[in-house]
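Have a look at the structure below, then the notes.
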Amino acid sequence: DGGITQSPKYLFRKEGQNVTLSCEQNLNHDAMYWYRQDPGQGLRLIYYSQIVNDFQKGDIAEGYSVSREKKESFPLTVTSAQKNPTAFYLCASSIGDNTDTQYFGPGTRLTVL
Amino acid sequence: KQEVTQIPAALSVPEGENLVLNCSFTDSAIYNLQWFRQDPGKGLTSLLLIQSSQREQTSGRLNASLDKSSGRSTLYIAASQPGDSATYLCASLKMYSGGGADGLTFGKGTHLIIQP
């Protein structure tokens, strides 16, 4: 089955801890994205990567970090510097030529206790 | 900065009705306009993508239109069914001078309920 997987589905973190969210795709897509969704809100772009070993900040990158060491993987780390990390995090991928849609994973719901 | 607005925020209609969801965007320099569906607690499912050079796209009972000059897009759902109940999100892919794949700018969505 081709698609995007995110793990875990639910994640709880104590205040002050860093946590890493996993995103893997087997669609052979070049581009990958991380979005954050808050209740009643649309998605906001955190980071995106057009190619391996390269990534750019989105609209709300502060308090987050990413890496893109492999084409299939784009993990997101939520650091203790992120002031309000409780949210629903969605990963997406696309071919990357601006003509194709983005395909989304099932999401990870992060709750800070 | 691109801003995307969706009206109405919520809509409840009886089964069988035709309905229209509205989306507006502030910057017409876009690559494409996309419509997604999101079920509660789930990821997004792509419904329709309209390239900037196109006026509309159709898939089954769904039809999406794009008017770049006025900064508007509509999603038309024909003969609505209870299974259409979900949140519908509109998103634009803006042009940047550097090219390449950039992130989407989303509206806040329209929460749609189809009453059986």
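If you read the sequences in order, they're chains A and E. Just so it is clear: in the first sequence, position 89 is 98 by this note's numbering, and no numbers are missing. Just so it is clear: in the second sequence, position 62 is 80 by this note's numbering, and no numbers are missing. The C-beta atom is built at its ideal place from N, Cα and C for all residues, glycine as well.
Worksheet item: Taking T120 (chain A) as the reference, which of A:V87, A:W43, A:C32 and A:Q59 has the closest Cα?
Response: Nearest C-alpha to T120 (chain A) among A:V87, A:W43, A:C32 and A:Q59: A:V87.
Item to complete: Whole angstroms is fine: what's the gap from S74 (chain A)'s alpha carbon to P84 (chain A)'s?
Response: In a straight line, the C-alpha of S74 (chain A) is about 9 Å away from that of P84 (chain A).
Worksheet item: What do you get for V38 (chain E), buried or exposed, if any count of 16 or more other CB atoms within 10 angstroms of its CB means buried?
Response: Counting Cβ neighbours within 10 Å, V38 (chain E) comes out exposed, since fewer than 16 surround it.
Worksheet item: Would you call the segment 36-50 of chain A and the segment 99-108 of chain E touching, i.e. three or more CB-CB distances under 8 Å?
Response: No, the segment 36-50 of chain A is not in contact with the segment 99-108 of chain E.
Worksheet item: Taking C-beta to C-beta, are T105 (chain E) and T123 (chain E) nearer than 8 Å?
Response: Cβ atoms of T105 (chain E) and T123 (chain E): not closer than 8 Å.
Worksheet item: Is the number of C-beta pairs between the segment 87-96 of chain A and the segment 18-26 of chain A that are closer than 8 Å three or more?
Response: Pairwise C-beta distances place the segment 87-96 of chain A in contact with the segment 18-26 of chain A, as three or more of them are shorter than 8 Å.
Fill in: Own chain, CB closer than 8 Å to D85 (chain E), minus 5 neighbours either side, in chain order
Answer for D85 (chain E): R73 and S91, listed in chain order.
Fill in: Whole-angstrom C-beta distance between L107 (chain E) and L62 (chain E), which should lie under 8 Å
Yes, L62 (chain E) and L107 (chain E) are in contact; Cβ-Cβ is about 7 Å, under 8 Å.
Practice prompt. Would you verify that the beta carbon of G89 (chain E) is, or is not, closer than 8 Å to some beta carbon of chain A?
Written response: Any Cβ of chain A closer than 8 Å to the Cβ of G89 (chain E) would place that residue at the interface, and such an atom is absent.
Worksheet item: Where are the beta strand (DSSP E) runs, 3 residues long or more, that stay fully inside the segment 24-81 of chain E, in chain order?
Response: Every unbroken stretch of the beta strand (DSSP E) spanning 3 or more residues and falling wholly within the segment 24-81 of chain E is given here in chain order: 28-32, 37-43, 48-56, 62-69 and 74-77.
Fill in: Closest residue to I132 (chain E) among E:R55, E:V31 and E:S42 (Cα-Cα distance)
When E:R55, E:V31 and E:S42 are compared, the shortest CA-CA separation from I132 (chain E) is found for E:V31.
Worksheet item: What residue ranges within the segment 31-115 of chain A form continuous beta strand (DSSP E) runs of no fewer than 3 residues, ordered along the chain?
Response: Complete beta strand (DSSP E) runs here, min 3: 40-46, 52-60, 63-66, 73-75, 85-87 and 96-103.
Item to complete: Give a yes or no on whether the minimum CB-CB distance between Q34 (chain A) and chain E is below 8 Å.
Response: Not closer than 8 Å to any Cβ of chain E, the Cβ of Q34 (chain A) fails to qualify, so no.
Worksheet entry | Alpha-carbon spacing of A27 (chain E) relative to P48 (chain A), whole angstroms | Those two C-alpha atoms are separated by around 13 Å.
Worksheet item: Can you tell me whether G116 (chain A) is buried or exposed, with buried defined as 16 or more other CB within 10 angstroms of its CB?
Response: Buried: at least 16 other Cβ atoms inside 10 Å.
Worksheet item: Any beta-carbon of chain E closer than 8 Å to the one on G51 (chain A)?
Response: Under the Cβ distance rule, G51 (chain A) counts among the residues neighbouring chain E, one pair being separated by less than 8 Å.
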